[in-house]
Amino acid sequence: MRGKALFGVLSLLLVASLLTLMVNAQVRERVRPPQPPPGQGVPPEERFKRAFERALDRLKLTEDQKKAVMELVNAKLEASRKAREEVRELRRLARDRSAPEEELRKALMEFRKRRLQERKRILDMEEKLIEGLPARAALQLTVIGVLENGLPFPPQLGGPLRRLRFQRERQRPGR
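Take 389 as the starting number for the sequence shown in the numbering used here and just add one per residue.
Written out as structure tokens, the structure is:
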């Protein structure tokens, strides 16, 4: 009698586990979205542009205002790209042990001068844009990082935004 009961329980468990495996396999097949062929997906720049255009649509801006915002964003993206290229060149120069001190100093001063000019240009564009936008739209654009006092857009991880978090002062042991 015990053998039949044990056999019944084991066969019931086996059927249940097989049924669970079949259901899981079907669910996995249904859940996976179709993957685009390699090289044919939407590039990240295009995804960003579409998402940003949807955000601008929610702000209910006029076409001229949208155009001005897009000009600012494009200027910031271009400035950020240029700065990355210049930093790459400076890094190469800094690693060159045979570069004379005067050349290093000149490259650094030119880089800083260009960055300050670019920052001033972007700040002027931001100020002009803020004057022509409704207050709510300007506030929303500030919150999402478009109007950030000349900082590059989009905000970089580990950049100035990360440093703004308030942290408890660390106490040294024994003090």
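Every residue gets a Cβ at the ideal spot worked out from N, C-alpha and C, and that includes glycine. None of these values were measured; they are calculated from a predicted model.
For T530, the uninterrupted alpha helix (DSSP H) segment begins and ends at A523 to V531. In the DSSP assignment, P431 falls outside any alpha helix (DSSP H) and carries neither an H nor an E. With 16 or more other CB atoms across the displayed protein chains lying within 10 angstroms of its CB, V461 is buried. For the segment 443 to 486, the full-length alpha helix (DSSP H) segments reaching 4 residues or more read 451 to 483 along the chain.
For L511, the enclosing alpha helix (DSSP H) has its first and last residue at E489 to G520.
By the neighbour-count definition (other C-beta atoms within 10 Å, threshold 16), L401 is an exposed residue. Taken atom to atom, the span from the alpha-carbon of A487 to that of E506 is near 27 Å. The three-state secondary structure of V403, taken from DSSP, is helix. Within the same chain, L535 come within 6 Å of L529 by CB-CB distance, once the 5 residues on both sides are set aside.
Relative to R476, the option among E451, A495 and E489 whose CA is nearest is A495.
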